[in-house]
Every structure is written in structure tokens, then in C-alpha cells.
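Asks: Here the sequence shown stands for residues 10 to 266, numbered as in this note's numbering.
We put the beta carbon where it would ideally sit given N, CA and C, even for glycine.
All figures in this text were calculated on a predicted structure; none of them were measured in a lab.
The structure that follows is given in the form of C-alpha cells.
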Amino acid sequence: MMVPSRRADMYPSPLDLDLAMKPSNSSSGVFKPFKDLKALLESNSVELQPAPAPASKAPDEGRTDRRPDHMIFKEAMAGVKRISRAKCAAQIPLKPESTEAKPNPDQETVAQLKNLVKYGTGFVVSLTPEYAEGLAWGVNPEVARRLHRGDFSIQDHIDLHGLRVHDAHEAVDGFLSKSIMSGQRAVLIIHGRGLSSPAEPILKSKVYRWLTTSPWHKWVIAFSSARLCDGGAGATYVLLRRKPLKKRLRKPRNKGE
């Protein structure tokens, strides 16, 4: 392949181009400028020779020792002794066993369960199935949450442990009447969790029923399970009104009903 040279004297001069553009004196008399220009460029080109390939080195070039490889290896390994596998095994010294008693995870779990059942420690009351709360119609649910949180100072309490249902009912009636007459707004009723009951906590469920039926439902704004420090799910906070509702609130009907 012919490649144009980069030498300045190999490019056509303006005079040569001017002569190439002039009509030739051929017998045909046809002016062919590009044909003459092509011939002029080819006549001023040089052929590039391919670069010579680098000479390959002989495999043993640069090697001073001409002996066979097995002889060199044998000489290098002279004096080396084979070691048995038994001696190759690393002897790792064993750590002495600690004489300190380690805590038993099973015993810790049992202790936590005992505290959970007996004292109610280790859980949040409002996140357990035992938590309960109630609201009068139209009362903001935030009131019950604040009551459980302890935002209302407890002014009095009654403990129903050891009482039968009939006696407990009379005790609750007398306690609520006294609280209302004294102007107390937040009180605590301790009824127990009822874990010994075969089905459901009897006394606990009775207290909820008394608070939501006549005559006390007109006086109760809200109630909720107590905090752990006040008995947890085994006690109930009650928030009382100053005056009873004179007219029972009813859910408003939708238009068109």
C-alpha cells in the first residue's frame, strides 16, 4: 500500500498543481484534471517498509548454569531432612478452666418469669392483653392514655382483695359515693389480676361492669389499667365527673336515615 510521505518536498508544489489543472495535449482533447492529479500524487509518494520484528531470545539466553534442572534442585536440597507428620502438628497449650461460676441462662429466664407473674416487672401494661380502658361517649381517647400515664394525681384508693363479689360491689358503691361527695376526681380501685380464677378474672370484670352501668356510668369520664407502681393490670384508675350527666349522650344519626 502506498502512503503519502510526511516530507515537505514530497508534496506537490503550487506550480505542479497549476500544471495539472491545465488541459493536456492528448489526442482526445478532453480535460481530465483529477486523473492527472492522482498520477502526480502517486509519483511523489514513497513506500513505507514494515518495521522489523524484534529478535526472539533463546530459551537459555542469560542463564549461566547450563546443568540440567534436576541436578540443580538436588544440589539445593542437599542437607535437608524430612520431618514426620507427628512433629509437624502444632502443640497449642490448653487454657486452664475458670473456677468462677458462670450464670445459668435457664435460671435467669425462670427468675424473669417469676418477677413477671408475681410483680409484673419487665413489661409495659398498656401493651399486654390484660390492659383495659373505657371512655364515656364523646370523650377524647387521649384522656384514658393520660390517666394510665399518671397525669392525674390519685386522691384515694380502695383494696378489694379477700372480698366476695357481693361484698366487693357494696364496697365499690360506698367508695365511689364518698369520693364524689368529697370532690375527688381521680381514684384507684385495687381488684387483683384474678390469675387464680379458672376462666376470667371475676372481680376485675365485675368492676368494669359496675363502672359502665347505672348508676356510675353517669359519673365516670374514663378508666384505665393502673401503672406498675400502683398495681398494674390488677388495679384500675377511675376519673370522675363533678356532676352527673343529666341526659344520656347518643350517637348522632347520619343524614338520610
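Using 8 Å for Cβ pairs, my map puts Thr200 next to Gly243. What's the rounded Cβ distance?
Replies: For the record, residue 200 in the displayed sequence is His; it is not Thr. Right, the Cβ-Cβ distance comes to about 7 Å (below 8 Å), so this counts as a contact.
Asks: According to the neighbour-count rule (16 or more other Cβ atoms, all chains shown, within 10 Å of its Cβ), is Gly240 buried or exposed?
Replies: That one is buried.
Asks: For a test of the three-state rule: what should DSSP assign to Leu204, helix, strand or coil?
Replies: Reduced to three states, the DSSP call for Leu204 is coil.
Asks: Comparing the C-beta of Leu237 with each C-beta of chain D, is any distance below 8 Å?
Replies: Of the protein chains in this structure there is only one, and it is not chain D.
Asks: What residue range is occupied by the uninterrupted alpha helix (DSSP H) comprising Glu271?
Replies: Outside the displayed span of the chain (10 to 266) sits residue 271, for which this structure offers no information.
Asks: Grab me the residues of Arg169's own chain with a C-beta within less than 8 Å of its C-beta, minus the 5 sequence neighbours each way, in chain order.
Replies: Residue identity check: residue 169 is Leu in the sequence provided, not Arg. Excluding positions up to five away in sequence, the list reads Ala177, Ala180, Val181, Ile198, Ile199, His200, Gly201, Leu212, Val216.
Asks: Can Asp165 and Ser188 be called in contact, C-beta distance under 8 Å?
Replies: Closer than 8 Å, so yes.
Asks: Just to confirm, is the Cβ distance from Leu248 to Val152 under 8 Å?
Replies: For Leu248 and Val152, yes; Cβs fall inside 8 Å.
Asks: Assuming Ile163 contacts Phe184 under a Cβ cut-off of 8 Å, what Cβ separation, rounded to an integer in Å, is found between them?
Replies: Not quite, the Cβ-Cβ distance comes to about 13 Å (not below 8 Å), so this is no contact.
Asks: Give a yes or no on whether the C-beta atoms belonging to Tyr140 and Ser214 are separated by under 8 Å.
Replies: Contact: no.
Asks: Put Leu50 into one of helix, strand or coil per three-state DSSP.
Replies: With a pLDDT of only 49 at Leu50, under 50, the local geometry of the prediction cannot be trusted, and the value read off the model is given with reservation. In the structure shown, Leu50 sits in a helix (DSSP, three-state: H, G or I).
Asks: Give a yes or no on whether the C-beta atoms belonging to Trp219 and Pro253 are separated by under 8 Å.
Replies: Taking 8 Å as the Cβ cut-off, Trp219 and Pro253 do not qualify as a contacting pair.
Asks: Around the C-beta of Pro210, are 16 or more other C-beta atoms found within 10 angstroms, so that it is buried, or is it exposed?
Replies: When all chains shown are included, Pro210 counts as buried.
Asks: Mind checking Leu204: buried by the 16 CB within 10 Å criterion, or exposed?
Replies: Exposed: under 16 other Cβ atoms inside 10 Å.
Asks: What are the partner residues of Ala231, as DSSP defines its beta bridges?
Replies: Paired residue(s): Leu144, Leu248.
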